[in-house]
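To keep things clear, I will list the structure first and then write my remarks on it.
There are 2 protein chains.
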Amino acid sequence: MNVLLTNDDGILSPGINKLADILKGSYNVVVVAPDRERSAVGHAITMHKPLRIKKIKDEENLKIFHANGTPSDCVKLGIDVVMKDKPDIIVSGINDGFNLGTDILYSGTVSAAMEGSINGFSSIAISLEAGSDITDKALLFIKKLIKSVAKNGLPKNALLNVNIPNISDNYSGVKITKLGYRNYVENFTRRIDPHGREYYWLAGKVLENINEEDSDIVAVKNGFISITPIQFDLTMYNLIDTLKKWDIQI
Amino acid sequence: MNVLLTNDDGILSPGINKLADILKGSYNVVVVAPDRERSAVGHAITMHKPLRIKKIKDEENLKIFHANGTPSDCVKLGIDVVMKDKPDIIVSGINDGFNLGTDILYSGTVSAAMEGSINGFSSIAISLEAGSDITDKALLFIKKLIKSVAKNGLPKNALLNVNIPNISDNYSGVKITKLGYRNYVENFTRRIDPHGREYYWLAGKVLENINEEDSDIVAVKNGFISITPIQFDLTMYNLIDTLKKWDIQI
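Note that the protein sequences, when read in sequence, are chains A and B.
So the first sequence is numbered by this note's numbering: it starts at -12 and just counts up by one.
So the second sequence is numbered by this note's numbering: it starts at -12 and just counts up by one.
Structure below.
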């Protein structure tokens, strides 16, 4: 089985390298990751400057490349340029820090998996609580999940968003969840630079008191590994009939 | 009524300036747009460098600002830093070029409207066929749509994605649609630079023969203005029960 790995923390991050190391025992692993951190880039792609790609490892079951593009660029490059045999599964991560609720819209990690899904491949985004160790238990779970995805498949248009809390302390199990909602307040910090000009840091505070028991946000708080099925068809089908009644013809 | 305008083509683009000019007759208009083109940035936000914002016009019903951030940053800055009274509606556009089907995931235009929606405001993304004139008819439609959104409201979690074909020739009406699927082939063009090193341009060819009559892609092809209701909750609810049966507990 061929596995394509990418991330948004960049090729030097421990998450992707540990994952590649444990998966190469069972699969043909190809890594194509950004040459530097590309967090919070959302689903950006690079159309207006040339993309370059460089091979830095070439073992039997593990090839590693880095590219000067975004996570989504890396998935496209992996599928179309690097891999002769198409991937059976695409994994994005392990990200250093959760990707939960509405925040996934900003996430390079999740967008890379979504790019895989758009292109017709079973795809998973995996994120770990910031600062926690990548434990053997977490790696065991990831291997089990990859096996399940390979066995059961995923519907066209679906991908999985996985968040793993620090399960060394307090582990409750694996939970299938819906996306929660992350509300931010006091989004900007205003400062004055040494030249007397104002500037702003984007750094809001999260308000999370509105989320339900079956959301990803509450699940990880309660020590569960969260798996949320997500889709790339954003159509809000149940609003179509309402809109048809609006007076908007010209 | 307060209208916040932004775009991803940047502050100098004709689309946003024509829209601001016709809307200032009826509304208090505040423009916060990127200081340069930021197309295909998806839902990127700027967390790791300072944001700066500059006022360049201050008329009674029209204030114009530009910022060094992405379209989503501009929406956040508009809501939290620039506007004392919150916007009643947020409009992103008029983009130079369609944002259709799965391509909206890469779109700064649509992501800016989505950012508005996440923050609880009625939001619309508007795109025009590349290279077509911004006709009086198109502007008339946009004014009518904004009035309808103000009157009817939009559900929490919903926004509208609007695509206007070149309606000077061949106009069929306004159609409520679902998102189509844009499939690309031959995604990369390989070249060799003057120093002998290879590089790639991302520039796939669109394959669109798989789309249905009620999709946005087919609607604009047939001369309709397309309005697609979209949502930012990406949970694929109908997959939750299936996943609960998988053997993935550890």
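Glycine included, C-beta positions come from ideal geometry on N, C-alpha and C.
As assigned by DSSP and simplified to three states, the class of residue i
| i | result |
| --- | --- |
| Ala136 of chain B | Before going on, a small fix: residue 136 of chain B reads as Val here, not Ala. DSSP places Val136 of chain B in helix when its eight states are reduced to three. |
| Glu185 of chain B | strand |
| Asp203 of chain A | helix |
| Lys8 of chain A | First, the residue type needs correcting, since residue 8 of chain A is Asp and not Lys in the sequence shown. Asp8 of chain A falls in the helix class under three-state DSSP. |
| Thr33 of chain B | coil |
| Ser110 of chain B | strand |
| Leu309 of chain B | Nothing about residue 309 of chain B can be reported from this structure: the residues present for chain B run from -12 to 237 only. |
| Asp228 of chain A | helix |
| Ser318 of chain B | The question about residue 318 of chain B has no answer here: the residues shown for chain B are numbered -12 through 237. |
| Ala245 of chain A | Chain A is shown from -12 up to 237; residue 245 of chain A falls before or after that span and cannot be answered. |
| Ser213 of chain A | strand |
| Ala100 of chain B | helix |
| Ile(-2) of chain B | coil |
| Ile105 of chain A | helix |
| Ile197 of chain B | coil |
| Ile3 of chain A | helix |
With 16 other Cβ atoms within 10 Å as the buried cut-off, status of residue i
| i | result |
| --- | --- |
| Lys165 of chain B | buried |
| Gln218 of chain A | buried |
| Lys63 of chain A | buried |
| Lys162 of chain A | buried |
| Asp(-5) of chain B | buried |
| Pro181 of chain A | exposed |
| Thr176 of chain A | exposed |
| Pro1 of chain B | exposed |
| Ser159 of chain A | exposed |
| Ser155 of chain A | exposed |
| Ala117 of chain B | exposed |
| Asp228 of chain A | exposed |
| Arg184 of chain B | exposed |
| Leu(-9) of chain B | buried |
| Ala190 of chain B | exposed |
| Asn157 of chain A | exposed |
| Val205 of chain B | buried |
| Arg23 of chain B | exposed |
| Ser59 of chain A | buried |
| His35 of chain B | exposed |
In DSSP terms, what residue i is bridged to
| i | result |
| --- | --- |
| Ile43 of chain B | Paired residue(s): none; Ile43 of chain B is not in a bridge. |
| Arg25 of chain A | None; Arg25 of chain A has no bridge partner. |
| Leu115 of chain A | A:Asp83 and A:Ile151 |
| Asn15 of chain B | B:Asn(-11) |
| Ala54 of chain A | A:Pro21 and A:Ile40 |
| Tyr218 of chain A | Looking at the sequence itself, residue 218 of chain A is Gln, so the reference to Tyr does not match. A:Ala145, per the DSSP bridge assignment. |
| Lys192 of chain B | B:Val172 |
| Thr179 of chain A | The amino acid occupying residue 179 of chain A in the given sequence is Ile; Thr does not appear at that position. In the DSSP output, where bridge partners are listed per residue, Ile179 of chain A has A:Glu185. |
**Prompt:** Unbroken beta strand (DSSP E) runs of length 3 or more, entirely within the region 61 to 98 of chain B: which are they?
**Reply:** 76 to 83
Check each residue of the region 118 to 135 of chain B: if its Cβ is closer than 8 Å to any Cβ of chain A, include it; give the result in chain order. Lys124, Leu127, Phe128, Lys131, Leu132 and Ser135
Q) Can you list the alpha helix (DSSP H) stretches of 4 or more residues lying completely in the region 118 to 170 of chain A, in chain order? A) Fully enclosed alpha helix (DSSP H) runs of 4 or longer: 123 to 139.
#### Entry: Proximal residues, the region 59 to 76 of chain B versus chain A, C-beta separation under 9 Å
Ser59, Asp60, Lys63, Leu64, Ile66, Asp67 and Val68
Mind listing which residues of the region 137 to 168 of chain B have their C-beta closer than 7 Å to chain A's C-betas, in chain order?
Asn139, Pro142, Ala145, Gly160, Val161, Ile163, Lys165 and Leu166
Q. Taking any Cβ of chain A, which residues in the region -12 to 21 of chain B have a Cβ under 7 Å from it, in chain order?
A. From the region -12 to 21 of chain B, no residue has a Cβ closer than 7 Å to chain A.
- Message: By the 8 Å beta-carbon criterion, what residues does the region 91 to 108 of chain A contribute toward chain B?
- Response: Ile91, Leu92, Tyr93, Ser98, Met101 and Ile105
- Give the residues from the region 174 to 196 of chain A that approach chain B closer than 9 Å (Cβ to any Cβ), ordered along the chain. If the cut-off is 9 Å between Cβ atoms, the region 174 to 196 of chain A has Asn174, Phe175, Arg177, Arg178, Asp180, Arg184, Glu185, Tyr186, Tyr187, Trp188, Leu189, Ala190 and Gly191 near chain B.
- What residues in the region 22 to 37 of chain A have a beta carbon less than 7 Å from any beta carbon of chain B? Ala27, Val28, Gly29, His30, Ala31, Ile32, Thr33, Met34 and Pro37
Discussion item. To be precise: take each residue of the region 207 to 229 of chain A, compare its Cβ to all Cβ atoms of chain B, and keep it if any distance is under 9 Å. Which residues remain?
Written reply: Ile212, Ile214, Thr215, Pro216, Ile217, Gln218, Phe219, Asp220, Leu221, Thr222, Met223, Tyr224, Asn225, Leu226, Ile227, Asp228 and Thr229
Check each residue of the region 44 to 58 of chain A: if its Cβ is closer than 7 Å to any Cβ of chain B, include it; give the result in chain order.
Those residues of the region 44 to 58 of chain A placed with their C-beta closer than 7 Å to a C-beta in chain B do not exist.
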